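Residue numbers (this note's numbering), protein chains in the order written: chain D, 2 to 374; chain Z, 899 to 1512. One structure is given here, and the rest of the page talks about it.
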């Protein structure tokens, strides 16, 4: 069965060094443990209502990168075989074969990644909103919902990747005809896999590359027996990634404190952009602090209003995106008196600190020529 | 300064690739074969073909989409300022193209003109997007169809020949033989595959410097950007760009060597994926010195774009006028799952110049989905059939994008307008100058108009357009820094959302022409219709039975794969479909029509064996 996977031994890693140590225990070996699951397959479905943006995001990650996982760059993990429609060598039924095998419960263990929101296929007479592959008997597309129903009971774990898959996202906007929803709504928030894992939600539109790969890395460590149950909050988000608000890590928080806010005409300044529509003060997301990739980019930290794309209430509760959030009108009014006073005092102090101490001056007479020689 | 190295492309050499396989046609032996889903593209695509094994060609192929999301439906009544945030989510690999195009439409509707620095920042972001997306797609997705692992399975004799064929530009890219190039392209193992993956990240960092986040940008607004312009910003971009420029100096000759080899090794390969030259390009990179976003002046600022808009029919540039382009757009229902809107509301009767607007124009389209069973004798797709009305002939044309780059370079070359130092359009070619970098001297590449609109030329154009985007970015950095040095740091404009307005945006998504049409009433969106490239390329047969571009290009494609029927992988079909750079978050399937004497059989990789019907 094809998939993207590599045997580390064939790549010349590991084996040689161990062989020379035969017969006695090499001290370094004590640090290395065989993973309790030697191998794991990752089955990735992009056929929800989505844009494949989370898959593309995943290819941007470097902490770890996709090639790190597939090439066994991190010690102690199970060998990973990836079945992903955007990267797969194989095509068509050959690509779908592991999905069929897994549906029958014959592929163990596997991690299911779902991308895109889940349409309501019951809200119409006939036809389909989303499908993947074709049913050999009926000649009609196999609906994405059918795939989820078949695969989920056999999965070691299920990860919803991106805000569409977690909570519905942009395609679940009010007025959408497909009645789509997130996986948590589709499966039920209390759902757990046969191995006891709850659904893991990694929101973001798209998902921040390293956030997602870091979660996969965590789960691989968990599958290897090297990490406890992944810690999730009540919205099924990994706690270490989504506990803080954007504002708490924002480069521009200092401007907010000093009540220094940008308007439309100075949108390209470094000031706080909460009056332009930024929801950072209340949105749980680490992008302002982590940046988008390799510390570069982001949202309010570099001049883009936070539109709340990691949140279960996205997008409806944040629209219109370019109006000042109602709560911000209140809080920015409250901070004005303090902020302006502090800013004035700091400017005063700063002006003083920008001057050298007065004794640092060139007070001696210029040297004569003979002295220079 | 004279460039030290010069190339011209070789795809149209007269001595290679004699056009047609001149064997006498034999009695067709038709076999139904399907590949669903097609992988290594964005979105889910399936292909259903009828293959004539006796004559080694594809006999038939239809196109149908499997996913509906309903943007045009749920955008109604929303705030027009939100359009770019929402429409970015249409696409996960070129969402920023949508966001940019939406901002262009907002600017027109709101009657505003962003400061020049904002336009240079957007141009730099979009250039980085082209550099990233083409790099990832060409060398990590398409490239696998040409890699050693694949060719070993599909064409062992071609691989054997590749082992013995020295790469003409080995001195530049470092691979001795063509087979060495192919090995370097093996997925997750080959050195070039891995390097391209890293380059796709470097270019995304460049993108994020300008537009904040990839692929749904955070810093774009109507009337400008929130990006903080500084010396540091443009230096951070430039230093990364120069790494990519050096990479391109190796990549262009590498791909030339590879594609030329296929013409040489497989005479007749130019017929694979060939279709009539019917190319559309809606232009890219606005010139802030000319562009004021007024509809009335659109022909002028369209012609000033740094990728020229236009339509090429049979090698002739029919128009380079964006108003002409706009007026010619027609959305046909085709064989799709929607109700017609011929008798529904007409939102726009005349454009601001007084020209009549057709009921089938995107401004007047009403989208009402009607899900139903897939029926290949009737409706079989979620994709409509966008076409372009050629005023000269009255014909409705099924334009394609050539995967994006082929149309962009073709139109730009013929129009002969772009001349910015790093790029010069000559009327028959596009010259690209890349200056000296750390290890390599300066280089000139020249993309010449090829003889065919086919699979290999679509792929070759992609590589050249990567160099084009890099060269354009070098120019944009200079323009942006000049603004910074002059102290003109404004990046945004004040605006008011009008009660009633219309707007349109024209842009090039990575894989081709992109338009957004908006109608505003009572300060809200009354109608919104984006037309991305894949809608054009993947469109089904229209009311007149004219097939869409994929269908057209795949049908009658000769097959060069050596495997017999039992091991058939359909590599020539895969290469053809992928040459268009399908981006199908709107989902497309291809299906064959009913046929006589049909022996239905799945390729061996299929799990289910169907019964034969003769």
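We put the beta carbon where it would ideally sit given N, CA and C, even for glycine. Predicted, not measured: the structure shown is a model, and the values here were computed from it.
- Around the beta carbon of residue 1069 of chain Z, a 10 Å sphere encloses fewer than 16 other beta carbons of the protein chains shown; the residue is thus reported as exposed.
- The three-state reading of DSSP puts residue 99 of chain D in helix, counting H, G and I together.
- In its chain, beyond the 5 residues on either side, 253, 256, 261, 262 and 263 have a beta carbon closer than 8 Å to the beta carbon of residue 272 of chain D.
- Rounded to whole angstroms, the gap between the alpha carbons of residue 1239 of chain Z and residue 1447 of chain Z is 24 Å.
- Rounded to whole angstroms, residue 123 of chain D and residue 945 of chain Z show a C-alpha spacing of 27 Å.
- In this structure, the CA atom of residue 337 of chain D is about 8 Å from the CA atom of residue 259 of chain D.
- At a cut-off of 8 Å between beta carbons, residue 1472 of chain Z contacts chain D.
- Contact between residue 285 of chain D and residue 333 of chain D does not hold, since the beta-carbon distance rounds to 21 Å and is not under 8 Å.
- Per the C-alpha coordinates, the member of Z:1468, Z:1395, Z:1442 and Z:1443 positioned closest to residue 1420 of chain Z is Z:1395.
- Sequence-distant Cβ neighbours of residue 999 of chain Z in its own chain, meaning closer than 6 Å and more than five residues away, are 1403, 1405, 1412 and 1414.
- Residue 1101 of chain Z carries a helical assignment under DSSP once its states are collapsed to helix, strand and coil.
- Runs of the alpha helix (DSSP H) lying entirely within the stretch 1216-1267 of chain Z and spanning at least 4 residues, in chain order: 1220-1226.
- Close to residue 365 of chain D, with beta-carbon spacing below 7 Å, lies no residue of chain Z; the smallest spacing is near 38 Å.
- With contacts defined by Cβ atoms closer than 8 Å, residue 269 of chain D and residue 1126 of chain Z form a contacting pair.
- A distance of 8 Å or more separates the beta carbons of residue 1054 of chain Z and residue 1186 of chain Z.
- Residue range 1410-1419 is occupied by the beta strand (DSSP E) that includes residue 1418 of chain Z.
- The Cβ neighbour count for residue 1008 of chain Z, taken over all protein chains shown within 10 Å, is at least 16; the residue is labelled buried.
- DSSP places residue 161 of chain D in the strand class (E or B) of the three-state scheme.
- The CB of residue 268 of chain D comes closer than 7 Å to the CB of 1119, 1122, 1124, 1389 and 1390 in chain Z, given here in chain order.
- Sequence-distant Cβ neighbours of residue 207 of chain D in its own chain, meaning closer than 6 Å and more than five residues away, are 54, 55, 58 and 163.
- Against chain Z, a Cβ distance below 7 Å from residue 107 of chain D picks out nothing, because the smallest value is about 13 Å.
- Considering only Z:1353, Z:1436, Z:1451 and Z:1272, the residue with the shortest C-alpha distance to residue 140 of chain D is Z:1272.
- With contacts defined as CB atoms closer than 8 Å, residue 242 of chain D and residue 295 of chain D fail to qualify as a contacting pair.
- Classified as buried, residue 209 of chain D has 16 or more neighbouring CB atoms from the shown chains inside 10 Å of its CB.
- Straight through space, the alpha carbons of residue 1222 of chain Z and residue 992 of chain Z are spaced by roughly 26 Å.
- Taking 8 Å as the cut-off, the beta carbon of residue 1270 of chain Z is found closer than this to the beta carbon of residue 1277 of chain Z.
- Secondary structure at residue 335 of chain D: helix, using DSSP grouped into helix, strand and coil.
- The residues 1011 and 1199, in chain order, have a CB closer than 8 Å to that of residue 1190 of chain Z in the same chain once the five nearest residues on each side in sequence are set aside.
- Rounded to the nearest whole angstrom, the CA to CA distance from residue 1327 of chain Z to residue 305 of chain D is 39 Å.
- Separation of the CB atoms of residue 1451 of chain Z and residue 1480 of chain Z is rounded to 12 Å, and the pair is thereby denied contact status at 8 Å.
- The CB of residue 141 of chain D comes closer than 7 Å to the CB of 1271 and 1272 in chain Z, given here in chain order.
- Residue 1034 of chain Z places its beta carbon 8 Å or farther from that of residue 68 of chain D.
- In this structure, residue 88 of chain D and residue 935 of chain Z do not form a Cβ contact; the two beta carbons are roughly 13 Å apart against a cut-off of 8 Å.
- Note that the stretch 1103-1115 of chain Z does not touch the stretch 1074-1086 of chain Z; fewer than 3 beta-carbon pairs, one per stretch, sit closer than 8 Å.
- Taking 4 residues as the minimum length, the alpha helix (DSSP H) runs contained wholly in the stretch 990-1067 of chain Z are 993-1008, 1014-1034, 1046-1052 and 1054-1062, in order along the chain.
- In this structure, the straight-line span from the alpha carbon of residue 142 of chain D to that of residue 1444 of chain Z is close to 25 Å.
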